[in-house]
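Engineer: Okay, here's the structure, questions in a sec.
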Amino acid sequence: MKKLAFLAGIPLLMMENVNALEEINHIDMSGTMVQLISYLLGICGAAYLAAGLWSRSEKGSRSWKYLSVSMILFVFWNIIGTFSVLLNVLSVRKSTSGIVISNETLNTYIIIVKILDPVIAVIVFVILLFGLKKIIDAMRTKPWTVFGKEDEDEVKYNE
Amino acid sequence: MNEEFFVILNTVASMIVIICTVLSFQLLVGISRELKGLKTMDAMWKNFIIMINLFILLGITRAVGSMGTIIFEGLQPVFEALLSVTLILFFVFAVQLSLSIEEITE
Chain S
0 MKKLAFLAGI
10 PLLMMENVNA
20 LEEINHIDMS
30 GTMVQLISYL
40 LGICGAAYLA
50 AGLWSRSEKG
60 SRSWKYLSVS
70 MILFVFWNII
80 GTFSVLLNVL
90 SVRKSTSGIV
100 ISNETLNTYI
110 IIVKILDPVI
120 AVIVFVILLF
130 GLKKIIDAMR
140 TKPWTVFGKE
150 DEDEVKYNE
Chain H
0 MNEEFFVILN
10 TVASMIVIIC
20 TVLSFQLLVG
30 ISRELKGLKT
40 MDAMWKNFII
50 MINLFILLGI
60 TRAVGSMGTI
70 IFEGLQPVFE
80 ALLSVTLILF
90 FVFAVQLSLS
100 IEEITE
């Protein structure tokens, strides 16, 4: 009976240990893992979409290229987000992780990430707006050019 | 580097992102109304509109989150969770959109 009671107590002990570890390190590891996974999924999705849009732009309107470039920059934004999460974890758990890195180097990396993050975000959304405007204008004026290249004869005729 | 510099940089960037996303949303609303009128809106355009809407939501969440955490730091986990959920949804619709684009290209 005592053995059974001990076995039942193991998960509780583990939970306590995890909670204690998290309290020591002042970081929520489950939340960090979700964040990391979502950033990695974002990288995969955006890269796949950028490739699809780029191939579309070669067979149709060039406006798709703007969206493709926006997605490529979004990939970089996600990479920077991933680095920022990793740097946050590293700065908190530096003493326990066993990784040798000086405080100055770590601060430099954090500053670079902090500067790049908003700058890339702005570029991504400005290019998205520009590309979207071009595609929607083409949809309104020349819808046949969105998915197919305009023939040279048609261009001459329009001129 | 000065902490105030990052606050100003983040605020300016967030404001530009919000303006761009609102303008993009307006454009999208206009074109989706026209496409609905056609009644021949295919899966590609539907996915395209959903994906761009998610992208806009992502930008707004990030911008509001970075400005909100300056005012009250307790909001950071909420915005991080929202950003993660939106990113996962973005992944799903980005894959769907690129599959439907591939179908049209072939």
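Heads up: the sequence lines are chains S and H, in that order.
According to numbering that gives the first Met the number 0, the stretch in the first sequence is residues 0 to 158, in order.
According to numbering that gives the first Met the number 0, the stretch in the second sequence is residues 0 to 105, in order.
Just so you know, even glycine gets a beta-carbon here, dropped at the ideal spot from N, CA and C.
The model shown is predicted, which means the values in this text are computed figures rather than measured ones.
In or out: F89(H) buried (at least 16 other Cβ within 10 Å) or exposed?
Structural biologist: Residue mapping note: residue 89(H) aligns to position 90 of the second sequence, counting from 1. Looking at its Cβ environment, which holds 16 or more other Cβ atoms inside 10 Å, F89(H) is buried.
Engineer: When the Cβ atoms of the stretch 15–31 of chain H are set against those of the stretch 75–82 of chain H, are three or more pairs found closer than 8 Å?
Structural biologist: As far as the Cβ criterion goes, the stretch 15–31 of chain H does not touch the stretch 75–82 of chain H, which means the pair count is below three.
Engineer: Could you give the residue range of the alpha helix (DSSP H) that holds D136(S)?
Structural biologist: Here residue 136(S) refers to the residue found at position 137 of the first sequence. It spans 102–140 - the alpha helix (DSSP H) in which D136(S) sits, taken as one unbroken run.
Engineer: Between the alpha carbons of L66(S) and I119(S), how many angstroms are there, rounded?
Structural biologist: Stepping through the first sequence from its first residue, residue 66(S) is reached at position 67. Stepping through the first sequence from its first residue, residue 119(S) is reached at position 120. Whole-angstrom Cα-Cα distance: 15 Å.
Engineer: In angstroms, rounded to a whole number, what distance separates the CA positions of L22(H) and S101(S)?
Structural biologist: By 1-based counting over the second sequence, the position of residue 22(H) is 23. By 1-based counting over the first sequence, the position of residue 101(S) is 102. Going from the Cα of L22(H) to the Cα of S101(S) covers about 44 Å.
Engineer: Give the straight-line distance between the Cα atoms of S37(S) and S56(S), rounded to the nearest whole angstrom.
Structural biologist: In the first sequence, counting from the first residue as 1, residue 37(S) sits at position 38. In the first sequence, counting from the first residue as 1, residue 56(S) sits at position 57. Looking at the two C-alpha atoms, the distance is approximately 28 Å.
Engineer: Does the count of Cβ pairs from the stretch 97–104 of chain H and the stretch 58–73 of chain H closer than 8 Å reach three?
Structural biologist: No: the two stretches stay apart, fewer than three of their Cβ pairs being nearer than 8 Å.
Engineer: When the Cα of I87(H) is compared with those of S29(S), L105(S), A45(S), D136(S), which residue comes out closest?
Structural biologist: Translated into positions along the second sequence, residue 87(H) becomes position 88. Of S29(S), L105(S), A45(S), D136(S), the residue nearest in Cα terms is A45(S).
Engineer: Helix, strand or coil for F71(H) per DSSP?
Structural biologist: Start at 1 with the first residue of the second sequence, and residue 71(H) comes out as number 72. Note: F71(H) maps to coil in three-state DSSP.
Engineer: Cutting at 7 Å between CB atoms, please list the residues of its own chain near G41(S), excluding the five before and the five after it.
Structural biologist: Counting from one through the first sequence, the residue named residue 41(S) turns up at place 42. Once the five neighbours on either side are set aside, the close Cβ partners of G41(S) are N77.
Engineer: Along the chain, where does the alpha helix (DSSP H) that runs through S69(S) open and close?
Structural biologist: Stepping through the first sequence from its first residue, residue 69(S) is reached at position 70. From DSSP, the alpha helix (DSSP H) with S69(S) extends over 62–91.
Engineer: Applying a beta-carbon distance threshold of less than 9 Å, which residues of chain S neighbour N9(H)?
Structural biologist: The residue given as residue 9(H) occupies position 10 in the second sequence. Here the neighbours are K113, D116, P117.
Engineer: By the 10 Å Cβ neighbour count, where 16 or more other Cβ atoms means buried, how is A42(H) classified, buried or exposed?
Structural biologist: In the second sequence, the residue the question calls residue 42(H) occupies position 43. Classification of A42(H): exposed, given that the 10 Å Cβ count is below 16.
Engineer: Give, in chain order, every unbroken run of the beta strand (DSSP E) that is at least 3 residues long and sits entirely within the stretch 54–100 of chain H.
Structural biologist: DSSP runs (the beta strand (DSSP E)) wholly in the stretch 54–100 of chain H: none.
Engineer: Using the beta-carbon count (16 or more within 10 Å), is E22(S) buried or exposed?
Structural biologist: Within the first sequence, the letter at position 23 stands for residue 22(S). Caution is warranted here: a pLDDT of 48 is assigned to E22(S), below 50, making its placement in the model unreliable, and the coordinate value is therefore given only provisionally. Burial call: exposed.
Engineer: What does A45(S) touch in chain H if you count any residue whose Cβ is under 9 Å from its own?
Structural biologist: As a working note, residue 45(S) is residue 46 in the first sequence. The contacting residues are F89, F90, A93.
Engineer: Does any residue of chain A have a CB that is nearer than 8 Å to the CB of G73(H)?
Structural biologist: Judged by its chain identifiers, the structure shown contains no chain A, and its protein chains are S and H.
Engineer: Just the C-alpha distance for M70(S) and R139(S), rounded to the nearest angstrom, thanks.
Structural biologist: The count along the first sequence starts at 1 and reaches residue 70(S) at position 71. The count along the first sequence starts at 1 and reaches residue 139(S) at position 140. For M70(S) and R139(S), the distance between alpha carbons rounds to 24 Å.
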